[in-house]
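Taking it in order: structure first as structure tokens, then the write-up.
Here it is in structure tokens:
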């Protein structure tokens with residue numbers, strides 16, 4: 105019984121993750137009130153994206169969908185905050201190419217996550 109429950113939980117988790125990846129990225133808009141923010145910076149939009157996991161499994165179309173979604177929000181700045189890639193550098197070229205199409209007024213920035221090291 106316990107083994108069956110564990111197998112069912114594992115299958116449900118894999119199914120949930122697969123559904124989320126295949127359904128594409130989602131946008132959640134959040135306003136962050138900052139009392140001392142200069143008035144000139146009011147309305148500054150930052151697109152924060154994580155766990156893209158670019159690589160040979162998800163491929164170029166996955167990256168293109170994410171880039172298109174980010175660009176559709178017209179951000180002032182893009183912050184990729186970890187787990188950009190999966191796989192070896194040799195396998196990333198084609199899947200990473202759409203990142204060159206990221207558009208924002210003040211640039212795109214990247215912070216490494218654990219997948220960049222393992």
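Residue numbers (my numbering): 105 to 222.
Cβ coordinates follow ideal geometry from the N, Cα and C atoms, glycine included.
Check whether the segment 181-192 and the segment 203-212 are in contact - that is, three or more C-beta pairs closer than 8 Å.
yes
Where do the ends of the alpha helix (DSSP H) carrying residue 223 lie?
Residue numbering for the chain in the displayed model covers 105 to 222; residue 223 lies beyond these limits and cannot be assessed.
Since residue 190 and residue 159 should fall inside the 8 Å C-beta cutoff, what is the C-beta to C-beta distance between them, to a whole number of angstroms?
For the purposes of this step, residue 190 is taken as residue 86 along the chain shown, with counting starting at 1. For the purposes of this step, residue 159 is taken as residue 55 along the chain shown, with counting starting at 1. Between residue 159 and residue 190 the Cβ distance is about 4 Å, and since that is below 8 Å, they are a contact.
Mind reading off the beta-carbon distance from residue 202 to residue 149? Whole number of angstroms is fine, and I expect it under 8 Å.
Here residue 202 is taken as the residue at index 98 of the chain shown, counted from 1. Here residue 149 is taken as the residue at index 45 of the chain shown, counted from 1. The Cβ separation is near 21 Å, so there is no contact.
Is residue 203 helix, strand or coil by DSSP?
To locate residue 203, count along the chain shown from 1; it is residue 99. Helix.
Bridge partners of residue 139, per DSSP?
Translated into positions along the chain shown, residue 139 becomes position 35. Its beta-bridge partners do not exist; DSSP assigns none.
Can you tell me where the alpha helix (DSSP H) with residue 194 in it begins and where it stops?
Residue mapping note: residue 194 aligns to position 90 of the chain shown, counting from 1. Per DSSP, residue 194 belongs to no alpha helix (DSSP H) and is neither H nor E.
Considering only the beta carbon of each residue, do residue 193 and residue 170 sit closer than 8 Å?
Residue 193 sits at position 89 when you count from the first residue of the chain shown. Residue 170 sits at position 66 when you count from the first residue of the chain shown. No. Outside cutoff.
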